[in-house]
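Residue numbers (my numbering): 4 to 603.
Heads up, the beta-carbon is just placed ideally off N, CA and C, and yes, glycines get one too.
Predicted model only: the values in this text are computed from it and were never measured.
To start, the structure under review is shown below, and the notes come after it.
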């Protein structure tokens, strides 16, 4: 008998269990092969039962705070393969960046930009800071390449040493405030730093790497500026107040290419991502007729409200593939963007009044419940609408950051007020803010179905700014909180108290479980929610297919058996009392998957 490690989908530690081979049978049969499979699943569950289980909805991991008397903010977060977490933003004064019992104090008055690393338990590893000595200094985005190198971008004003070690690397802003890009190794050692700017205002909002060693930055600029941070020059001029830019550097920080687009008013990009093929995606806001083709051709999109949201796709050389707009009667913007393993695109942000979320010839109109409503939108690789979810109450609600895990489950963080429903379908899942504004984290399946949501809040304002997922599905977020805030999004309580008018928080949630897949034979399937109150959904990322779902109890008795002619979403109800159950999905082409399901 050959041994094989089970496929991990929810953060359990891998164990080695025997693999039982089986011969294909038809979907309509229940032969000896099926018995082998469920016996195999039963054996795997028995081992897990003996080991114990940490599956549960929104399992709180930990939360840490950093801050002093002033205002401090966590703007962006990233993780590596070991679950270490890196976050950046701004701070001021003498701040202790060790959230544990130790002390690691840095004087932030001569450089408000920071980068801090914690391990997967939330323990301090290292922290660095730099800046131009101005109150506008800010780290806006952090990312990691495949080698564990850390890239940070943001803005600064004045002159500062951007080498946080013993060496020197002085950068001086040319205008009101300029852009910086810094690269450190995984230990926080300085590699290089670059500055970009013209005579006016420039700001970088996001940075991301590709698989070939390149790094991409996006944001906005005014007037006329040189985008080559080296000895060469590459000038671009803005059409209006603010224009979007996309800049590509190589691993050494050398210029590769830069593109821009815009019109007479404010056009800004807030987020960027690169897919597995090297295509570059941005989202943000635009006003007026804007030519989104940065090359010699034209591709004009028109805003219909005060400002509208855009999504743009370029190839690895910066040539336009497509651009899409979300238009409405008032104001809307995309704040974050992410791609999945199949090239689908997810954006989040806010909209007001009425907006059309179908960027094609059809329409899908949504009306905001309050001043601002949040949205989560999915487009396919060609820019066609797949689905959109809306969340909002009577006040201001917005999605600030989106991330996708290895199984294409989508995670969202942001802010909301009052009471809102995070389930976009027929069901309801209401969350109420504790104070004026709460941070939230929500999870949705690849098909846009609601999985879970939780909020973090206190009596004042708490903002979720950035979310990231590690390879085992643990969820990390950062942002800003004020006063006393409960960071356990479940039934428990874990309060942190800010030292000033706003502190940085970093939070970890252990993956709540989208099905514990004990065996997979070519089937890509997730199960949610798990644990469940009775209703369980299985969803495959592949094309609709004929399939059979079998639910058994722990001794192998068949409780539910349901067939589907052509589907990629299968749902059943567990009619029995709380306990552990086994679910098996068998497809016509003999692909199959087996899950442990917990009935609460």
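With which residues is residue i paired in a DSSP beta bridge?
i: residue 510; result: 66 and 480
i: residue 530; result: 541
i: residue 440; result: 464
i: residue 413; result: 407 and 447
i: residue 194; result: Beta-bridge pairing links residue 194 to no other residue.
i: residue 496; result: None, per the DSSP bridge assignment.
i: residue 212; result: 218
i: residue 565; result: 552
The beta strand (DSSP E) with residue i in it runs from where to where?
i: residue 186; result: 181–187
i: residue 335; result: 335–342
i: residue 555; result: 548–555
i: residue 103; result: Taken as a continuous stretch (DSSP letters only), residue 103 belongs to no beta strand (DSSP E), as it is neither H nor E.
i: residue 577; result: First-last for residue 577: undefined, no H or E at that position.
i: residue 132; result: 127–133
i: residue 76; result: 76–82
i: residue 332; result: Unbroken run through residue 332: none, as it is neither H nor E.
i: residue 319; result: No beta strand (DSSP E) holds residue 319; DSSP gives it neither H nor E.
Have a look at the options and flag the residue whose alpha-carbon is nearest the alpha-carbon of residue i.
i: residue 140; options: 76, 445 and 343; result: 76
i: residue 397; options: 356, 298, 533 and 575; result: 356
i: residue 564; options: 571, 577, 557 and 325; result: 577
i: residue 327; options: 333, 317 and 103; result: 317
i: residue 305; options: 332, 99 and 112; result: 332
i: residue 166; options: 192, 175 and 148; result: 192
i: residue 216; options: 222, 256, 245 and 532; result: 256
i: residue 416; options: 447, 298 and 236; result: 447
i: residue 362; options: 371, 380, 375 and 596; result: 380
i: residue 603; options: 581, 595 and 589; result: 581
i: residue 368; options: 573, 491 and 358; result: 358
i: residue 225; options: 594, 282 and 271; result: 271
i: residue 71; options: 93, 97, 454 and 63; result: 97
i: residue 545; options: 557, 508 and 592; result: 592
i: residue 309; options: 320, 291, 323 and 303; result: 291
i: residue 187; options: 180, 506 and 195; result: 195
i: residue 557; options: 549, 365, 601 and 551; result: 601
i: residue 559; options: 548, 585 and 80; result: 585
i: residue 311; options: 494, 174, 335 and 64; result: 335
i: residue 240; options: 297, 375, 324 and 130; result: 297
i: residue 374; options: 99, 364, 395 and 383; result: 395
Closest Cβ-Cβ distance between residue i and chain D: below 9 Å?
i: residue 431; result: The structure shown contains no chain D, having only a single protein chain.
Please classify residue i: does DSSP put it in a helix, a strand, or coil?
i: residue 458; result: strand
i: residue 97; result: strand
i: residue 370; result: strand
i: residue 87; result: coil
i: residue 392; result: strand
i: residue 113; result: helix
i: residue 560; result: coil
i: residue 382; result: strand
i: residue 312; result: strand
i: residue 172; result: coil
i: residue 259; result: strand
i: residue 232; result: coil
i: residue 152; result: coil
i: residue 474; result: coil
i: residue 328; result: strand
i: residue 160; result: coil
i: residue 71; result: coil
i: residue 345; result: coil
Among residues of its own chain, excluding the 5 on either side of residue i, which ones have a beta-carbon nearer than 6 Å to its beta-carbon?
i: residue 155; result: 91, 118, 142, 145 and 185
i: residue 273; result: 208, 287 and 338
i: residue 541; result: 528, 530, 573 and 588
i: residue 137; result: 160 and 161
i: residue 260; result: 251 and 321
i: residue 2; result: The structure shown does not extend to residue 2, since the chain is modelled only from 4 to 603, so the question has no answer here.
i: residue 566; result: 551
i: residue 95; result: 73, 111 and 115
Taking 8 Å as the line, does the beta carbon of residue i fall inside it for any heavy atom of the ligand ZN?
i: residue 500; result: You won't find the ligand ZN in this model; it holds no ligand whatsoever.
Return the chain-ordered list of same chain residues with a C-beta closer than 7 Å to the C-beta of residue i, the five sequence neighbours on each side being excluded.
i: residue 177; result: 200, 201 and 202
i: residue 84; result: 474
i: residue 55; result: Any reading at residue 55 must be qualified, since the residue scores a pLDDT of 40, below 50, and its modelled position is unreliable; the value itself is stated next. So no residue of the chain qualifies.
CB-CB under 8 Å to residue i, same chain, minus the five flanking residues each way: which ones, in chain order?
i: residue 236; result: 229
i: residue 212; result: 146, 147, 148, 149, 154, 218, 219 and 277
i: residue 411; result: 343, 344, 345, 347, 449 and 544
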